[in-house]
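A.B. asks:
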Amino acid sequence: MEKTASEKAPASTKETTSVKNTASAAKEKINENLEKFKKIPAVSFILSVFKNPVTGVKKGIAGYSDFNNSWLLPVIAAGTYTVFNLIFAIFRTVSRPASLFGTKKAGLDFSLLNKFDWFQNTIGNFLIVLATIAAIAGIYYLAGLIMKKNQLNYFRLVTIVSVASFAWILTASLISPLILNVSAPIAGAIGYAGMIFSGLVVYEAMSQELELKDDKKVIVNIIIAASIALAITLISASLIKSSTNSIVDSLNTLDSLWR
11 MEKTASEKAP ASTKETTSVK NTASAAKEKI NENLEKFKKI PAVSFILSVF
61 KNPVTGVKKG IAGYSDFNNS WLLPVIAAGT YTVFNLIFAI FRTVSRPASL
111 FGTKKAGLDF SLLNKFDWFQ NTIGNFLIVL ATIAAIAGIY YLAGLIMKKN
161 QLNYFRLVTI VSVASFAWIL TASLISPLIL NVSAPIAGAI GYAGMIFSGL
211 VVYEAMSQEL ELKDDKKVIV NIIIAASIAL AITLISASLI KSSTNSIVDS
261 LNTLDSLWR
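Numbering-wise, the sequence shown is residues 11 to 269 according to the numbering used here.
Structural data, given as structure tokens:
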């Protein structure tokens with residue numbers, strides 16, 4: 011009986027085909043899950059703002075006028091910052107450099123985590139980001155009340171600040187730290203770019219929300235710019251505090267380099 015083409019094929023070819031089919035199926039599954047993830051309302055809103063900073067906020071803000079709908083975005087923002095910062099803080103803490111004379115090899119020393127400030131790097135950072143978002147939205151809300159904008163909705167303002175903050179959070183707590191060891195100037199530039207992007211999104215969206223025009227638009231946003239600067243200072247101070255142990259440990263290793 012004559013064999014079919016598949017039966018005549020070498021075993022290695024069959025294995026290669028099987029691997030390709032498995033990889034293709036896995037890729038399709040990943041793409042399918044990714045599409046489902048993108049369709050989650052909060053995720054879709056965030057992505058739309060990255061793509062369309064002005065119109066994305068206008069189109070997505072309508073469904074965030076009460077606590078039940080608006081609490082998730084600030085929690086995601088604070089959680090994202092906390093997780094990325096925690097990962098890099100742990101890595102900085104446990105990293106151990108090699109000694110000059112080779113008596114000690116570079117590696118990871120997890121015993122150094124005994125000195126790690128877990129509270130500050132988890133709950134502390136999480137609450138700082140939440141408080142910062144609430145404070146910035148609160149200042150805009152107060153400005154609106156002063157200008158007698160009685161229809162102003164605080165939860166919409168919280169949502170605007172939250173969704174705008176993702177650009178700065180991702181650049182400052184993920185992208186910049188990854189690039190820092192390669193090029194500090196580039197890492198700094200990326201961090202500033204994220205901060206400027208977030209600031210401009212807040213500026214435009216809040217001006218629309220509060221119907222700010224002419225002189226009022228400039229004055230109110232100058233006040234908020236100062237608030238954002240204060241928020242960045244607080245978060246930066248948190249980052250510095252969370253990495254203090256690792257910096258001290260790194261300095262202490264200078265003594266061990268000669269051993």
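The C-beta atom is built at its ideal place from N, Cα and C for all residues, glycine as well.
Is the segment 118-137 touching the segment 51-66 in the sense that three or more CB pairs, one from each, lie closer than 8 Å?
C.D. replies: Segments in contact, no.
A.B. asks: On the DSSP letters alone, give me the boundaries of the alpha helix (DSSP H) that Q218 sits inside.
C.D. replies: Counting along the chain, the alpha helix (DSSP H) containing Q218 begins and ends at 194-219.
A.B. asks: Looking only at C-alpha atoms, which of I138, N160, R166, N131 sits nearest to A147?
C.D. replies: When each option's Cα is compared against that of A147, the closest is R166.
A.B. asks: If distances are taken between C-alpha atoms only, which option among P187, I206, N160 comes closest to A197?
C.D. replies: Considering only alpha carbons, the answer is P187.
A.B. asks: Determine the direct distance from the alpha carbon of N79 to that of V168, and round the result to whole angstroms.
C.D. replies: Near 11 Å, if we compare the C-alpha coordinates of N79 and V168.
A.B. asks: Can you find at least 3 beta carbon pairs, one from the segment 173-192 and one from the segment 35-48, that sit closer than 8 Å?
C.D. replies: Verdict: no, contact absent.
A.B. asks: Which word fits G73, buried or exposed, when buried means at least 16 other C-beta atoms lie within 10 angstroms of its C-beta?
C.D. replies: Classification of G73: exposed, given that the 10 Å Cβ count is below 16.
A.B. asks: Label I270 either buried or exposed according to how many other C-beta atoms from any shown protein chain fall within 10 Å of its C-beta, with 16 as the threshold for buried.
C.D. replies: There is no way to answer for residue 270, as the model of the chain reaches only from 11 to 269.
A.B. asks: Roughly how far, in whole angstroms, is the beta-carbon of M216 from the beta-carbon of I170, given that I think they are within contact range, below 8 Å?
C.D. replies: Right, the Cβ-Cβ distance comes to about 6 Å (below 8 Å), so this counts as a contact.
A.B. asks: Among L137, T103, T132, T243, which has the Cα closest to the Cα of N124?
C.D. replies: The candidate whose alpha carbon is nearest that of N124 is T103.
A.B. asks: Just mark E10 as buried or exposed, buried being the case when its beta carbon has 16 or more other beta carbons within 10 Å.
C.D. replies: Any answer about residue 10 is impossible in this case: the structure gives the chain only from 11 up to 269.
A.B. asks: Pick from N131, K61, Y151, K223: whose alpha carbon is nearest that of T92?
C.D. replies: Ranking N131, K61, Y151, K223 by Cα distance to T92 puts N131 first.
A.B. asks: Drop a sphere of 10 angstroms on the beta-carbon of S183, count the other beta-carbons inside from all chains shown, and report buried for 16 or more, exposed for fewer.
C.D. replies: By the neighbour-count rule (16 or more Cβ atoms within 10 Å), S183 is buried.
A.B. asks: Rounded to whole angstroms, what's the CA-CA distance from Y210 to K39? Just pull it up for me.
C.D. replies: A small correction: the amino acid at residue 210 is Leu; Tyr does not occupy that position in the sequence shown. Their Cα atoms are separated by approximately 37 Å.
A.B. asks: Smallest Cα separation from K226: which of I156, S208, S237?
C.D. replies: The shortest C-alpha separation from K226 is found at I156.
A.B. asks: With a Cβ-Cβ cutoff of 9 Å, do I71 and I149 count as a contact?
C.D. replies: Going by C-beta atoms, I71 is not nearer than 9 Å to I149.
A.B. asks: Rounded to whole angstroms, what's the CA-CA distance from E214 to K61? Just pull it up for me.
C.D. replies: Approximately 15 Å, taken between the alpha carbons.
A.B. asks: So what does DSSP say about L118, is it helix, strand or coil?
C.D. replies: If DSSP states are grouped into helix, strand and coil, L118 belongs with the strands.
A.B. asks: Would DSSP call S175 helix, strand or coil?
C.D. replies: Looking at S175 - three-state DSSP - the assignment turns out to be helix.
A.B. asks: With distance defined between alpha-carbon atoms, name the residue in N231, F176, F136 nearest to V59.
C.D. replies: Nearest of N231, F176, F136 to V59, Cα basis: F176.
A.B. asks: Hey, would you say I86 sits closer than 9 Å to S208, going by beta carbons?
C.D. replies: No, they are not a contact pair.
A.B. asks: From L222 to A141, what distance separates their C-alpha atoms?
C.D. replies: Distance between the alpha carbons of L222 and A141 is about 25 Å.
A.B. asks: With DSSP as the reference, label S75 as helix, strand or coil.
C.D. replies: In the structure shown, S75 sits in coil (DSSP, three-state: anything other than H, G, I, E or B).
A.B. asks: Apart from the five residues just before and just after V212, which ones in its own chain have a Cβ nearer than 8 Å to its Cβ?
C.D. replies: I146, I170, V171, A174, I234, I238.
A.B. asks: Take I143 as the anchor and find which of K49, L83, I185 has the nearest alpha-carbon.
C.D. replies: Closest option to I143, Cα to Cα, is L83.
A.B. asks: Nearest CA to the CA of I232: which residue from K159, A153, Y202?
C.D. replies: The shortest C-alpha separation from I232 is found at A153.
A.B. asks: Taking the straight line between their C-alpha atoms, what separation do you get for G201 and I56?
C.D. replies: Between G201 and I56, the C-alpha separation is close to 18 Å.
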